[in-house]
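2 protein chains.
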Amino acid sequence: MDFVLSDRIANVKPSAIREIFKMAADPRIIAFSAGNPSQEAFPVEEIRRWTAEILEQDPILALQYSLSEGYTPLRQRIAQFLKEKYAVGSADDDILITTGAEQALDLVTKVLCNEGDEVLCEAPSFVGALNTFRSYHCKLVGVEMEEDGINVSKLEEALKTHPNIKFMYLIPNFQNPSGVTMSLEKRKQVLELSKRYNVPVVEDNPYGDLRFAGEAVPAIKSMDDSGNVIYVGSFSKVLSPGLRVAYLCTPKALVSKLTVAKQCTDVHTPILNQLICYKFLTEFDFDAHIARCSALYQEKYQLMADTIRRCFSKNVQVTRPEGGLFLWCTLPEGTDLMDFCKKAIERGVAVVPGTAFMMEESDVSTSFRLNYSTPSDERIVKGIEILGQLTRELLD
Amino acid sequence: MDFVLSDRIANVKPSAIREIFKMAADPRIIAFSAGNPSQEAFPVEEIRRWTAEILEQDPILALQYSLSEGYTPLRQRIAQFLKEKYAVGSADDDILITTGAEQALDLVTKVLCNEGDEVLCEAPSFVGALNTFRSYHCKLVGVEMEEDGINVSKLEEALKTHPNIKFMYLIPNFQNPSGVTMSLEKRKQVLELSKRYNVPVVEDNPYGDLRFAGEAVPAIKSMDDSGNVIYVGSFSKVLSPGLRVAYLCTPKALVSKLTVAKQCTDVHTPILNQLICYKFLTEFDFDAHIARCSALYQEKYQLMADTIRRCFSKNVQVTRPEGGLFLWCTLPEGTDLMDFCKKAIERGVAVVPGTAFMMEESDVSTSFRLNYSTPSDERIVKGIEILGQLTRELLD
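Top to bottom, those sequences are chains A and B.
At position 286 of the first sequence (counting the first as 1) the number is 286 in this note's numbering, and the numbers step up by one without a gap.
At position 72 of the second sequence (counting the first as 1) the number is 1072 in this note's numbering, and the numbers step up by one without a gap.
This is the structure in structure tokens:
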């Protein structure tokens, strides 16, 4: 039988990242292509102890069906955590637990967008999110990034000329893939535009805790008194991505609709995993753990940045992120990016071509993304040396 | 801000079951409304040991990002299990791990149906599945159930008159909610019709292992040589629903598209949970465990059936399932079902009205679903006595 596929799925190609991730599973390849947190950052000992305690004390709770909204004490604890730490969330908001942040975006799209509606995104943006929007047959409206975040006047232009934009998808901290952090001024302007044009903001903040330089900038949602901001947080980068636990903080009326959508998707997020996250937030020194993770990432970032400075052609521009997992390198205009990425993998180094993060893969990009959190120090040096040699051969 | 919702989500009401499940969380209510496996059936000791071993031996594997298709050894083991136990799956098929069987149905719908397409269902059928189909704006075409499964001549009639049916959703074993098992003859006819009208079958088999009477009937997929059958299995009813691990066995070409859809939904099913299921399938005596579960369910079924015989008005018809979790009771034509269910909950007993399982909640039903796997023996007797008293007051 030849299955006839839906138009929406014909609209999505396999994620370039996931496919490269598979290729990079070959242990001989030095993979700068992942988006993985460092395995050294996992609190393995504690997760062992918490899991044993949960299965000792509350086995039935951990193994039976549970509520679609998520485990109530975890939702309450997250609300308290967001309020105390980031001034995020009000009495009008509620928390919904999701199976990873990708599911949060899936549910928001399912609930807010009809087919053919538009989603405004930073260009470039996280390919996983773009594919989720595509999978509901949404059109992507890209607005270019600058060094301090999205170009706000082009953002307003887009809102004016595209009346079917249902939300703006933004990653204000250490954006994936560019590493850029949106300035406070721009965050205020974005919120203002959201109100003026009545278009909600989806503020995706998976990396926000992992700041290793500069000063924290308030979340857009922390400045919102209009109920316009849908905030997405995750345990993937601060605890473990394999557990697949994330959350939405958003006005209550929307949570009830998102819960209906979640019932139709996976009924509830695995409850054992939620209980582990609950222990993480209640029985652990979060700040000390984050300080350890940030120090680790700073070290790895510094090593990669220093090696780039030493080895790359001076014709390559490189961003200077203040946190997160990614560096973004731009080759001179006119360079054949795919040729560069292909040569890199032939020499044993995987990077993600910038085209993967554009609204259309045919959009022009001469950038590529490097991840510094996953590879060992030795591989960071060796891989960057190989890429550096390549940049010098091609560009100098 | 008033969020403008998508048409598709406006199409779904909160699942009656999940809402009743919430109400039934009141410990004073005797809940025959759940679909939970018995907590006595969870191999708690073993899950404790397996989890400790995984986090001791493979902590990084269990906590890091993983492949969207699922953990490869688990996929291989499931393929072998299905082949040996049910003759399900061929060299053309592949396994995709999903976050519960609900997600399997979500992905299949996302990949096969455009908005407005039709899905053929047994009437009544599992409300969670119906809501998933609705959440993609599919129209539901219901075909009536008989004592030996779907009415096959009406099924053919529906296929003839509805050219936009993209798949048939069937639960051949101990159907939810009716408890009915489809006869071998009808399974063959269904497969024949699937080929003749080129409409795939989604064969959902969450309860198939939990047979406590009668003889096993071959899976539709075991008789399929045309690649027309998408088979859905789950660990929820045989191991633990809280872990949210299920799987699809379906032709390879479709698995690759479903994997793309899964990347857009939750990236991958939590890997710790998959590793626990792998231990369950490789280090445990599955048959002995299933024999224990089936004996437990038989005992509970028998207690409920005997108490019904003793207490219910003779004007109530009751199905005789050979396995699974549910009994289906039908009041005489013309009875006010919602009045009955409301009076039952006022007296402290929750049942699920049959209308919840119909294609439209406005469709007529005088049936209700009873679950015998969750309540204690004492509560089964007490709850059925209360319902029995009510049936006698209303019907005798």
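Cβ coordinates follow ideal geometry from the N, Cα and C atoms, glycine included.
| Query | Result |
| --- | --- |
| Mind listing the chain A neighbours of residue 1055 of chain B? Cutoff is C-beta to C-beta under 9 Å, in chain order. | 44, 47, 48, 51, 52 |
| Are the C-beta atoms of residue 1099 of chain B and some chain A residue less than 8 Å apart? | yes |
| In chain order, which continuous runs of the beta strand (DSSP E) of length 3 or greater are located wholly inside the segment 292-365 of chain A? | 326-330 |
| State the Cα-Cα distance for the pair residue 1281 of chain B and residue 1250 of chain B, rounded to the nearest angstrom. | 20 Å |
| Rounded to the nearest angstrom, how far is the Cβ of residue 1007 of chain B from that of residue 114 of chain A, given a contact under 8 Å? | 6 Å |
| Do the segment 1236-1244 of chain B and the segment 1071-1086 of chain B make contact, defined as three or more Cβ pairs closer than 8 Å? | no |
| Can you give me the Cβ contacts of residue 1104 of chain B inside the same chain, cut-off strictly under 6 Å, excluding the 5 residues immediately before and after it? | 1098, 1232, 1246, 1248 |
| Going residue by residue through the segment 1201-1229 of chain B, where are the continuous alpha helix (DSSP H) segments of at least 4 residues, counting only ones entirely within it? | none |
| Using the Cβ count rule (16 or more neighbours within 10 Å means buried), how would you classify residue 1075 of chain B? | buried |
| Is any beta-carbon of chain B found at less than 8 Å from that of residue 113 of chain A? | yes |
| Where residue 388 of chain A and residue 1252 of chain B are concerned, what is the direct C-alpha to C-alpha distance, given to the nearest angstrom? | 40 Å |
| To which residues of the same chain is residue 179 of chain A closer than 8 Å at the C-beta, ignoring the five residues directly before and after it? | 319, 320, 321, 324, 326, 327, 328 |
| Straight-line CA distance for residue 265 of chain A to residue 1132 of chain B? | 7 Å |
| Counting only beta-carbon atoms, is residue 72 of chain A nearer than 8 Å to chain B? | no |
| So which residues of chain B does residue 414 of chain A contact, with C-beta pairs closer than 8 Å? | Because chain A spans 1 through 396 in this model, residue 414 of chain A falls outside it and cannot be assessed. |
| How is the beta strand (DSSP E) around residue 1140 of chain B delimited, first residue to last? | 1139-1146 |
| Quick one: give me the first and last residue of the beta strand (DSSP E) that residue 368 of chain A is part of. | 367-371 |
| Quick one, which residues of the segment 78-107 of chain A are near chain B if we go by CB-CB under 7 Å, in chain order? | 99, 100, 102, 103, 106 |
| Write down every uninterrupted run of the alpha helix (DSSP H) in the segment 1231-1293 of chain B whose length is 4 residues or greater and which is fully enclosed by it, in chain order. | 1252-1263, 1271-1282 |
| Buried or exposed, going by whether 16 or more other CB atoms sit within 10 Å of the CB of residue 1069 of chain B? | buried |
| By the DSSP assignment, the beta strand (DSSP E) with residue 119 of chain A in it spans what residues? | 118-123 |
| Using 8 Å for Cβ pairs, my map puts residue 1044 of chain B next to residue 59 of chain A. What's the rounded Cβ distance? | 4 Å |
| With a threshold of 7 Å on Cβ separation, who are the neighbours of residue 391 of chain A within its own chain once the five nearest residues in sequence on each side are excluded? | 312, 313, 316 |
| Give the residues from the segment 207-232 of chain A that approach chain B closer than 7 Å (Cβ to any Cβ), ordered along the chain. | 226, 227, 228 |
| Identify whether residue 1181 of chain B lies in helix, strand or coil by the three-state DSSP scheme. | coil |
| Under a CB-based cut-off of 8 Å, is residue 1164 of chain B close to chain A? | no |
| I need the straight-line Cα distance from residue 1002 of chain B to residue 126 of chain A, nearest angstrom please. | 27 Å |
| Within 10 angstroms of the Cβ of residue 1160 of chain B, are there 16 or more other Cβ atoms? Answer buried if so, exposed if not. | exposed |
| Helix, strand or coil: how does DSSP classify residue 60 of chain A here? | helix |
| Which residues, taken in chain order from the segment 261-281 of chain A, show a beta carbon closer than 9 Å to some beta carbon of chain B? | 261, 263, 264, 265, 266, 267, 268, 269, 270, 271, 272, 273, 276 |
| Report yes if the CB atom of residue 1066 of chain B is closer than 8 Å to the CB atom of residue 1289 of chain B, and no otherwise. | no |
| Considering only the alpha carbon of each residue, which of A:39, A:278, A:344 lies closest to residue 386 of chain A? | A:344 |
| Kindly indicate the opening and closing residues of the alpha helix (DSSP H) around residue 169 of chain A. | Here residue 169 of chain A belongs to no alpha helix (DSSP H); instead the beta strand (DSSP E) covers 165-170. |
| Is residue 1379 of chain B close to chain A, meaning its C-beta is less than 8 Å from at least one C-beta of that chain? | no |
| In terms of residues, what are the limits of the beta strand (DSSP E) holding residue 1374 of chain B? | Residue 1374 of chain B -> no beta strand (DSSP E), and no H or E assigned at all. |
| Counting only C-beta atoms, is residue 242 of chain A closer than 8 Å to chain B at any point? | yes |
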